[in-house]
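Using the numbering used here, read the sequence shown as starting at 2 and increasing by one per residue. Here a beta-carbon is modelled for each residue, glycine too, at the ideal position from N, C-alpha and C. The model shown is predicted, which means the values in this text are computed figures rather than measured ones.
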Amino acid sequence: MNREGKRVTKGETIAVVGVGVALLGVVIAGWADTRAGIATLRAEISDVRSEVGDVRGEVGTLRGSVKQDIADLRTELKQDIGDLRTELKQDIAELRTELKEDIAELRADVRRLDQRVDELNVRLVAVEIHTGVVARKTAPDEVPNGGDAG
């Protein structure tokens with residue numbers, strides 16, 4: 002019986018069942034399509050995860066490489082600084098030696114000048130004694146011709 006209270010015929014029942022089967026077929030097809038879509042998405046997600054893993058591996062490798070490069074550069078820099086310090090210490094030692102030698106030469110020159118001045122003073126005293134005249138100290142501008150000997 003239908004809603005109106007009338008008897009349902011065999012043809013109507015078959016028609017209703019046919020529509021139900023058709024709807025069930027559509028639902029099953031949609032469900033199968035949805036499952037296929039989900040499977041495709043899972044495969045794509047798996048591919049993306051694999052790519053992410055590959056990228057993470059590459060990043061890890063690059064990090065290791067960069068860390069090694071930095072360590073190598075630090076080592077080279079420390080070595081270069083050490084070499085520069087050694088060279089600088091050698092240069093300073095050489096300059097000190099040269100300066101000491103120059104100072105020693107200047108001292109020797111000053112001693113020779115002192116000896117010559119002493120010799121001149123002795124000669125001057127000898128001349129004064131010989132001539133009986135005490136030489137008067139004069140400034141170079143008081144000497145004729147501006148102090149030039151000759």
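- DSSP places residue 9 outside both helix and strand once states are collapsed to three, so it counts as coil.
- In the three-state DSSP reduction, residue 134 falls in the coil class, being neither helix nor strand.
- DSSP places residue 4 outside both helix and strand once states are collapsed to three, so it counts as coil.
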